[in-house]
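Heads up, the thing below is written out as C-alpha cells.
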Amino acid sequence: MSLAATALARPPMLGATDIVLHPGALVGLVGPNGAGKTTLLRALAGLGHGPGTVTLDGTPLAVLPARLRAARLAWLPADRDVAWPMRARDVVALGLAGAGNDDAVADALARADAAAFADRRVDTLSTGERARVLLARALVNRPAVLLLDEPTANLDPGHRLHVMDLLRAEAGRGAIVLVALHDLDLAMTRCDRLLLVADGALVADGPPAEVLDAARLAAIFGVARSAEGWVTAGRSVAP
Amino acid sequence: MTRLPAVLALALLPLVLASLFWDPAMLRAVAERDPALARTILMELRLPRTALAVLIGGALGLGGAAMQGLLRNALASPDVLGPSTGASLGAVFAGYFLGGGVLAVAAGGMAGALVALALLLALAGPAAGTATLVLAGVAISALAGALVNLALSLAPSPYALYDVMFWLLGSLADRSLPQLGIAAPIILVAGALLLRQARSLDSLALGEDVAETLGVDVARLRWTVVVATGVMVGAGVAVAGSIGFVGLVVPHLVRPLVGNRPGATLLPAMLAGAVLLVAADMAVRVPVNGQELKLGVLTALLGAPFFLWLVVKGR
Amino acid sequence: MKRVAASGLAAATLLVAVSAVASLPTLAPKPPPALALDLPAPPAPVRPRRVASLNLCTDELALLLAAPGQLVSISRLGAEPRETPVATRARGLARNRGRVTDIVALQPDLVLTSAGDASAATAARRLGFAVVNVVQPRSLAEVSANIRQVARALDRAAAGEALIARMLADLGPRPSAPVPALIIGGGGQTIAADGLSAQWLRHAGLQQQRVTRGQVDLERLLSDPPQVLVISRYYPGQMSANQNWLAHPAIAALPAAVQRIETDGRVWTCGGPLVAAEVARLRALVRR
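Chains as they are written, first to last, in the working numbering: chain A, 1 to 239; chain B, 1001 to 1315; chain C, 2001 to 2288.
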C-alpha cells in the first residue's frame, strides 16, 4: 500500500517532486510558518482543487468512492472547532464510517487519553483536551492513511509524547502516517522520516538528521542547536 | 435519548385529537341535529386544519433544524431569515399577477422560498458568522415583506389589506382538503429527503472539509438541504401564510436532549414543531377580548423573546 | 352600514391610498396659493356647471342625479365597472384619485366630498371651492336625506325626489316575518345585525343573524347555518386569499335546506339608493 502524490499544487509548490508514503513509517512534515504544510496535507487528503494527482495504491483519490476513501483515509485539521456543544463521545463517533460502534469509540478515546471526559461536552473542555478528542475521532476508524495537522499543538509535554507514541503505534500496525509538527525536537527524535517544505516547495525528504542539518536549520528556520538548547541564528530582536 | 421522538409522537397524538374534536359540545349538538353536517365540519374543516398544523409545524421545525445544521449557526431558520417571507412574496406574485390557481400559488411559494434561501446563502456565505447571517436574513425578510405589501397595494384587490395580514401573519383557519392535498405530498417528500441527511449534518459539525473526508458530498448536501427546505416551507406558506419563529425556537428546545448533535436534532425538531403548531393553533381558537389572534402573532409573541434571549446569550 | 359594505369601503380607502403611492410627487398637500386665501368663498351658483366628486359614494349620487354635462370629474372608483353599476354613465368624465389637487386645474364650481375624508373637504374649502360634504348614512332616512342634499346642491331637486320615489317603490313594505339570514363576503366578512345594510336586508325579508365579530368562520357558518345565505360577489374571479375563502368546499357542503343567494357586492359598498333594486331582486328570490 502507498499514498503517492505528483505535482500537487500550483508552481512552484512542490514542483515536479513526487512524494510517496509507505506504511510502517512515522513521517513528519516540518517547515516554517506559511511554508505550505497545511496545503500539502489537504492536497494529500484529496481536498481542494489544485493541479496534480494523489493516488492511493495506484487509484487516484478523485475517482475513489467517497465512502471507501472515508473508510481508509483520515485527516485531522489544525483547528479545533466543533460547531455544536456535542459530547466528546459523539464527536469521536463521527469518525466511524458505518453505524455507531461504542467499543471502537471507547477504545479511541482511551488511546488518546481522553476517556476521562468521554461524556463531557466539548465546549467545556480545554483546547488541549479537545485536541485529544478530535485526534480520537481521526483514529477511531483505524484508517489506513492518517494525515494529521499539528496534533501536538496545545498539548502539555506528557501528552505530546503520548500522541507521538500513539502515532508510532499506528504506523506499527501498518498505517501510513504523515504528521505536521512545529516542534523540531519531536520531529527529530520521534519520526522515521521527515518532509521539509519551505516557500511552498518540498526542500528535502529523508531521515531526520539529514533533513534538518545545521545549514537548513539556520537558513530555513533561523535557529541553531547549542548546548543550552535552541538559539536564534541570523535573526535578531531590536533592543 | 432515542426515546425522545417516541415521547414527542405520543404528545402529538392527544393534541391532534383535541384539535380534531375541539369544542365537543358544539360538535355533539350539530351531530344530533344533522349528522352529515357534523361530518362535514370534521372532514372538510377540522381534518385539513389539524393535518396542516402537523405538517407545517413539522416542516418549520425540521427546516429550521436542517438550516441550523447546514449553516452551523443556531440563529438560522426559514421563518426568521427570509425564506418564509420570500414564499409569501412568491405566492402573492403568482396568485395576483399570474392569475394562478391553488397550484400556481404553491409553486410561487416554493419559488419564492428558494430564491430567498439562495440569496441568503449567497449573501452570508456557507459558514457565515452570526452577525452576517442575521443581518442578511433580516434584510431579505424585510425586503420580501415590503414587496408583499407593495404587490398587494398594486393588486387591484378590494381585500388587499386583509390579504397582507394573512400572508405575513399566517393562519390555519378555514383551510380546505384541496389545499392539504397540495401541501402534504410536497412536505412529506421533502421532509423525508431532509431526514436522510442526518448523518451528513452531524459530520458537518467538524467543518465542511472534515465532512468531505468523512465521505459527505458537501455541495450536494447543501443543495439538498436548500431545495428541500425551500420547497417544504414554500408549500406550507402557500396554504397557511408565513408563520414565524417555529423553525427558530423548536430546534433549540430539542437539541440539548439529543446531545446537541445537529443531525439527531432533525426528527425530534420535526415532531416538536408539529406539537407546537397544533397547540398554538388551538390556542388561537380561544377568543381574547372577543377577537381571535392570528397564528403568526401568537408564534411571534412566543418566539421573539426567545430570539432576543438567544442574541443576549450569544453576545 | 358595515362589513360586506365595509370590505368595499376598506378597499375604496385602500385604493385611494394605493393611487397615492403610485404618484408620490403629489402626495404632500401643496400649500394653497396665497391669492386663493384672500378670496372669500364664491356664492354657490344657482346651477353648478362644473361639479367634481372625490369619492365613490358621492360619485354614485352625482351620476344618478346630475344633468348631462354638469359633472366634470369623478373618482377613479366611480368610473370602475367592478366598483359600481353606474360606472357606465361616467364615460367621458375626467377621473381623479380622490384628492383635491387632482381637480384644482378643472376649477370646479362644486366639490362633493365624503365625510369619511374630512381632509379633502377642508382642503377644498381652503382653496375657495364650494363644498358639499356628504355623511355616511346610518339609516334609510339618512340615505334619502343625502339624496336631497346632493340634489339641492346640484339644483336638481326634482331628480332627487324622483330617485327617492323610485327607491321607495323598489323597497316596498317591510315584510313582517323575516327569515334568519347571513350575508357574507370574501373571508367571511359580514355586517352588523342593526346597521344600514341590515336595514336594507330587512326589506328583502331577511333578518341578519347576530355575529360577535365582523367575520364568520366556516365552523360558525356550518354549526349554526342561517336559513338563507346571501353571498356577496365582489370582484368575482379575482384571486385573493379572502376571495378563495368563498370557494371552500364546506360552503358547498351546507345542507340543501340552506338557500344560497348571490348578491351584487358593488351596491353594498356605499349602501346608497342603488341597493333598493338589489333588495327587490333578493326579496323575489327568498324562499319562505
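We put the CB at the ideal spot given by N, CA and C, even for glycine.
Over what stretch of residues does the alpha helix (DSSP H) that includes residue i continue unbroken?
i	result
T232(A)	Note, T232(A): premise wrong, no alpha helix (DSSP H); beta strand (DSSP E) at G229 to T232.
N1149(B)	T1130 to L1154
L2065(C)	L2056 to L2065
V2100(C)	V2100 to I2103
I2164(C)	A2157 to L2171
W2245(C)	A2241 to W2245
G1179(B)	Note that residue 1179(B) is Gln in the sequence shown, not Gly. Counting along the chain, the alpha helix (DSSP H) containing Q1179(B) begins and ends at L1177 to L1195.
T2122(C)	A2118 to R2126
S1203(B)	A1198 to S1203
R2266(C)	G2265 to C2270
T1213(B)	E1208 to T1213
W1309(B)	L1295 to G1314
Note the first and the last residue of the continuous beta strand (DSSP E) segment covering residue i.
i	result
L196(A)	R193 to A198
Q2207(C)	L2206 to Q2208
A2094(C)	A2094 to N2096
W1167(B)	No beta strand (DSSP E) holds W1167(B); the alpha helix (DSSP H) holding it covers A1160 to L1169.
W75(A)	L73 to L76
T53(A)	T53 to L56
Chain C partners of residue i, CB-CB under 7 Å?
i	result
I1041(B)	E2219, L2222 and S2223
G1099(B)	M2239
D1034(B)	P2255
L1037(B)	L2222 and P2255
F1166(B)	A2241
Per DSSP, which one or two residues make a beta bridge with residue i?
i	result
V20(A)	A4(A)
V63(A)	Answer by DSSP bridge pairing: none, since V63(A) is not bridged.
R225(A)	W230(A)
P2180(C)	Q2207(C)
D205(A)	L195(A)
A241(A)	Outside the modelled stretch of chain A, which goes from 1 to 239, sits residue 241(A), for which no answer is possible.
V2051(C)	L2071(C) and L2110(C)
V2135(C)	Bridge partners of V2135(C): none, in fact.
V2228(C)	A2181(C) and Q2259(C)
Q2215(C)	Q2189(C)
Give me the chain B residues within the contact set of residue i, using Cβ-Cβ distance strictly less than 7 Å, ordered along the chain.
i	result
P60(A)	None at all; the shortest Cβ gap to chain B is about 16 Å.
S2240(C)	S1157, Y1159 and D1163
R2213(C)	G1290 and Q1291
A2253(C)	T1040 and E1044
G2272(C)	Those do not exist, as G2272(C) stays about 17 Å from chain B at its closest Cβ, beyond 7 Å.
D90(A)	G1259 and R1261
Less than 8 Å between the beta carbons of residue i and residue j, yes or no?
i	j	result
Q2199(C)	L2140(C)	yes
Q2209(C)	L2182(C)	yes
A1958(C)	V2143(C)	Chain C is shown from 2001 up to 2288; residue 1958(C) falls before or after that span and cannot be answered.
D57(A)	S2(A)	yes
G1247(B)	G1063(B)	yes
M1282(B)	G1061(B)	no
L73(A)	A93(A)	no
V1278(B)	V1007(B)	no
R160(A)	T152(A)	yes
A1183(B)	F1093(B)	no
Residues of chain A with a CB under 7 Å from the CB of residue i: which are they?
i	result
S1203(B)	L94
L1206(B)	V82 and L94
Throw me the rounded Cβ distance for the residue i and residue j pair, which I believe falls under 8 Å.
i	j	result
H162(A)	D113(A)	6 Å
G1290(B)	T2190(C)	Not a contact, Cβ separation roughly 15 Å.
V1164(B)	V1148(B)	7 Å
Y1096(B)	A1038(B)	The pair is not a contact, with the Cβ atoms about 36 Å apart (cut-off 8 Å).
D149(A)	T38(A)	6 Å
V1275(B)	L1012(B)	5 Å
L1295(B)	S1171(B)	5 Å
A2087(C)	G2098(C)	About 15 Å separates the two Cβ atoms, so there is no contact after all.
Since residue i meets chain A, which of its residues come closer than 9 Å, beta carbon to beta carbon?
i	result
P1262(B)	A83, W84 and M86
Kindly examine the ligand ATP and report whether one of its heavy atoms sits closer than 7 Å to the Cβ of residue i.
i	result
V1231(B)	By its list of ligands, the structure shown contains no ligand whatsoever, and the ligand ATP lies outside what it can speak to.
What residues of chain B sit near residue i, judged by a beta carbon separation below 8 Å?
i	result
H2248(C)	E1044, D1174 and S1176
Residue i touches chain B at which residues, Cβ-Cβ below 9 Å?
i	result
H47(A)	The sequence shown places Leu at residue 47(A), not His. Those are D1209, E1212 and T1213, listed as they occur along chain B.
W230(A)	By Cβ distance, chain B contributes nothing, its closest Cβ being about 33 Å from W230(A), past 9 Å.
Q2207(C)	Neighbours of Q2207(C) on chain B: none; closest Cβ ~20 Å, over 9 Å.
Whose Cβ in chain C lies nearer than 9 Å to the Cβ of residue i?
i	result
V1030(B)	L2222, S2223 and D2224
Can you name the residues of chain A whose CB is closer than 8 Å to the CB of residue i?
i	result
R1072(B)	A83 and W84
I want to verify the contact list: residues of chain C whose CB lies under 8 Å from the CB of residue i, in sequence order.
i	result
G1145(B)	Near G1145(B) there are no residues of chain C at all, since even the closest Cβ is about 16 Å away, more than 8 Å.
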